[in-house]
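Note sheet for the following structure.
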Amino acid sequence: MTVDKETNQVKLGTFIFERLSQIKDFHSVFGVPGDFNLPLLEHIYNVPSLNWIGNCNELNAGYAADGYARVNGVGALITTFGVGELSAINAISGAFTEGAGVIHIVGTSSTISKRSTTPLGVHHLIPNKNTWDRSQDHFTYEKMVEPFCCVSETLDDTKLDQVQSQIDNVIEQVAKQSRPGYLFVPVNMANMDISVDPKKRLNFKTYRSDKQQAKELASVILERLYATETAIVGDQWFKTRRHKLNKFIKENGFHCFSTFLGKSVIDENQEHFHGVIAGELSTEGSLQVLNQFDAVLHLGVNHNEMNNFRNWSPSQHVKNVMEIGKDYVRIDNQLYTYVDGELVFDELVIQFDSTRLLKKKEIIPRLSQNLPELDKSANVSQKSLFQTVQTYLRPNDVVVCEMCSFLFAIPDLKFPQNITFVTQNFYGSIGYALPATLGASLAVKDDNSNRRVLLIEGDGSSQMTIQELSSLTRYNVKPTVLLLNNEGYSVERIVLGPERPYNDIQPNWQWTSLLKAFGDTDEKKSVNIRVDSTLALEKALNREDDRLKFIEIAGLNKLDVPWRFAYLCGKHDN
């Protein structure tokens, strides 16, 4: 840390970036420059391990930071006062909903302006409703963020002794809770000297609830676990515990399932994995297997209409459901709130005694999928795309899928080991996936894991955030992009108005020429391929090439969607 050894002082802006650099595998900061954050941005160059990743707009920067966080745990973006931070607010809402640890640093108006009694008419700040009143509320935007962040800190030059603890609090809470946090930095403070404790380390292991209570709850759950034939369900809020969870499952032979939002939490290659459960949207045969158990231990619970289609619950199939959520535990319909669910699980693993488990009865597994033979010369369909993607996937891949038609086929895929799945299948802001792929690809680059990144996205959602395609080549990342060209919003067509023009987009985009137009004029960084048949798609996917691979899949039927989405909309024939 670049702290003066005699005074223990450091520039505030430099300290922020040095603290960020202490996060494991954290090397990329996203954002867009603006006059209120420029003094802060200058300090990133004092920390050689960090890279500035300039985005095409602030919304995309938020999505990219989200994608980065899904792979490496924490992402960060920097925006400017008002116009920048508000542009990113949709991305932050999505990160809060889906559980992504994003630090949003905002360069705000100066502390001088905030305290001034003279009307200044500061730009980027909305004026008073009364045109005769020139006063402005400099905290208007900061007041907006409380519902969708886990922590928010505003720095103040009259409280410089608190700055280190405020900065650390934002970083620690975001990392621990896997939800966004805000740090508001007045434009005149970035170059200020602050006194810090250079020996103080960031603490990412601080639990948010009483450890004794966690021990007691774990003990109660274990007594029920020992007395019943129990299956484990892995859900969204246990993604940060997935390696420990899978070790626990495998070592003790538990049967297990995942939810729609928990896809990739459970290792799907273990002997006792029985698919995705989501009521009538479950994978084939999964509910029949669930019916054979006495109890369910549901870990990382996230109740919503995607996981609980038509108000479905595991309690409709088993006598006893024990839930360990993000911040609660439910046992025998008794709710314990403000409990750190991860701490309870950690205590459960510590206390677990495998000798007390019931002798496991024989469970009849669900039937293996029998995939039909494909006519590979025919146009790509949702079914043939599913089979092609299934064959393509390898262990450790990062799969990013837009809120497009193919997302509803994802539960039926059997993920190889250690897949990271990135999507917004509950919040569902279309356009998310392309910038998120930038973030995920940079996270892979930063942690030196050499993992493949696959993006699956529809043409309609791509048009929302297409500018960020240029950033993929700008920052030398090499995902494989599958662009599903079905000439508009197929998801919406199934919901309503299949032939209505409101579900159309401008057709005939020259998709395979876009990267050329965006700067890769000689295609040194990308290979662009247009396919229509399954055979051509397979060849394109398997082509050996050390460049970004952009594959447009043309000729798709605009009303062809996976069975799960048709069923969801009441349009399923079978």
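1 is the number of the first residue of the sequence shown in UniProt numbering; add one for each residue after it. In this text, a Cβ means the ideal position worked out from N, Cα and C, and glycines have one as well. Because the structure is a prediction, the values reported are computed rather than measured.
- Put simply, the backbone Cα of residue 97 is about 43 Å away from that of residue 7.
- Contact annotation: residue 107 and residue 34 have beta-carbon atoms nearer than 8 Å.
- For residue 526, the pairing in a beta bridge is given by DSSP as 548.
- Under the three-state reduction of DSSP, residue 338 is assigned to coil, being neither helix nor strand.
- Between the C-alpha atoms of residue 193 and residue 343 there is a straight-line separation of about 38 Å.
- From the listed residues 93, 566, 37 and 56, the smallest Cα separation to residue 429 is found for 93.
- Under the three-state reduction of DSSP, residue 193 is assigned to strand.
- Counting along the chain, residue 420 sits inside the beta strand (DSSP E) bounded by residues 420 to 423.
- Within the segment 380 to 414, the runs of alpha helix (DSSP H) that reach at least 4 residues and sit entirely inside it are, in chain order, 382 to 392.
- Considering only 184, 23, 420 and 70, the residue with the shortest C-alpha distance to residue 49 is 23.
- In this structure, residue 204 lies away from residue 153, with their beta-carbon atoms at least 8 Å apart.
- Across the set 511, 297 and 188, the C-alpha of 188 shows the shortest separation from the C-alpha of residue 81.
- By the C-beta density criterion, residue 354 is exposed, having fewer than 16 other C-beta atoms within 10 angstroms.
- Ranking 83, 84 and 91 by CA distance to the CA of residue 75 puts 91 first.
- Judged by beta-carbon spacing, residue 345 lies beyond the 8 Å limit of residue 318, meaning their Cβ atoms are not closer than that value.
- 8 Å or more divides the Cβ of residue 190 from the Cβ of residue 20.
- Along the segment 203 to 230, the alpha helix (DSSP H) occurs as fully enclosed runs of 4 or more residues at 211 to 227, listed in sequence order.
- Around the C-beta of residue 219, fewer than 16 other C-beta atoms lie within 10 Å, and the residue is accordingly described as exposed.
- For residue 310, the CB contacts under 8 Å within the same chain, skipping 5 residues up- and downstream, are 279 and 280 in chain order.
- Spatial neighbours of residue 414 in its own chain (CB-CB distance under 6 Å, excluding positions within 5 residues in sequence) are listed in chain order as 268.
- Taking the CA atoms as reference points, residue 195 sits about 4 Å from residue 9.
- Of all C-beta pairs linking the segment 422 to 441 to the segment 459 to 467, three or more are shorter than 8 Å, placing the two stretches in contact.
- Residue pairing by DSSP places residue 104 opposite 77 and 182 in a beta bridge.
- Under the DSSP assignment, residue 115 falls in the alpha helix (DSSP H) whose first and last residues are 111 to 115.
- The segment 270 to 309 is shown to contain whole beta strand (DSSP E) runs of 3 or more residues at 273 to 276 and 295 to 299, in chain order.
- Boundaries of the alpha helix (DSSP H) harbouring residue 445: 433 to 446, taken from the DSSP string.
- Here the segment 111 to 124 does not lie against the segment 249 to 262, with fewer than 3 beta-carbon pairs under 8 Å apart.
- Inter-residue distance for residue 510 and residue 288 is about 47 Å (C-alpha atoms, whole angstroms).
- Within its own chain, the residues whose Cβ lies closer than 7 Å to the Cβ of residue 66, once the five positions on either side in sequence are excluded, are 75, 91, 94, 95, 100, 102, 436 and 439, listed in chain order.
- Taking C-beta atoms as the reference points, residue 104 and residue 77 count as a pair closer than 8 Å.
- In the structure shown, residue 376 falls within a coil segment according to DSSP collapsed to helix, strand and coil.
- Between the beta-carbon of residue 514 and that of residue 469 there is about 6 Å, and that keeps the pair under the 8 Å contact cut.
- Nearest to residue 382 by alpha-carbon distance, out of 560, 426, 487 and 109, is 560.
- In this structure, residue 478 sits away from residue 537, with a CB-CB distance that is not shorter than 8 Å.
- Nearest in C-alpha terms to residue 328, of all of 315, 312 and 298, is 298.
- Residue 245: member of the alpha helix (DSSP H) spanning 242 to 252, first to last residue.
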